[in-house]
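Numbering (our numbering), first residue to last: 183 to 315. Note that CB positions come from ideal geometry on N, CA and C, so glycine has one too.
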């Protein structure tokens, strides 16, 4: 899999994969673009959603719609996030309390076991950079 980010203008970048998908990146607040920190949060929420989808649709129904909100804690002026918070918004009103608890537990276990992004964030990994010499 090839991923790249290309500069397209002042503070403007496009991220691409080899399947033709693109995402616009820029500084925080740039119109029509995600900041890198926002993409990190979106990646955590997206990974959680993809991981939990089958568990949710199996219990709620194939046409179940749900959203996953994400936010982060960041100290004023810091160049790092202190925590990422992922919250599911899904209508579980058709389930009993026991079924809701069982689904919540299954989703938590699946994310802890299978979500590459959350697992990587919790673990913390080295990030290396190369620059031509």
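Minimum C-alpha distance to residue i - residue among the options
i, options, result
"residue 232", "313, 310, 311, 299", "299"
"residue 293", "188, 218, 236", "236"
"residue 255", "290, 249, 222", "222"
Segment limits, alpha helix (DSSP H) that includes residue i
i, result
"residue 255", "Taken as a continuous stretch (DSSP letters only), residue 255 belongs to no alpha helix (DSSP H), being part of the beta strand (DSSP E) at 248-255."
"residue 268", "From DSSP, residue 268 is part of no alpha helix (DSSP H) but of the beta strand (DSSP E) over 265-272."
"residue 228", "218-242"
"residue 211", "Where residue 211 is concerned, there is no enclosing alpha helix (DSSP H), given that its DSSP letter is neither H nor E."
Outcome for residue i when other beta-carbon atoms lying within 10 angstroms are tallied against a minimum of 16
i, result
"residue 185", "exposed"
"residue 230", "buried"
"residue 279", "exposed"
Boundaries of the beta strand (DSSP E) in which residue i is found, first to last residue
i, result
"residue 309", "Unbroken run through residue 309: none, as it is neither H nor E."
"residue 260", "Here residue 260 belongs to no beta strand (DSSP E), and DSSP marks it neither H nor E."
"residue 197", "194-199"
"residue 185", "185-191"
Cβ distance (whole Å) where residue i is taken to contact residue j below 8 Å
i, j, result
"residue 242", "residue 274", "7 Å"
"residue 196", "residue 209", "Actually they are not in contact, since the Cβ atoms of residue 196 and residue 209 sit about 14 Å apart, beyond 8 Å."
"residue 226", "residue 194", "That pair is no contact at about 24 Å."
> Would you call the stretch 259-269 and the stretch 189-203 touching, i.e. three or more CB-CB distances under 8 Å?
Replying inline: no
> How do the stretch 245-262 and the stretch 270-277 stand: do at least 3 beta-carbon pairs fall below 8 Å, yes or no?
Replying inline: yes
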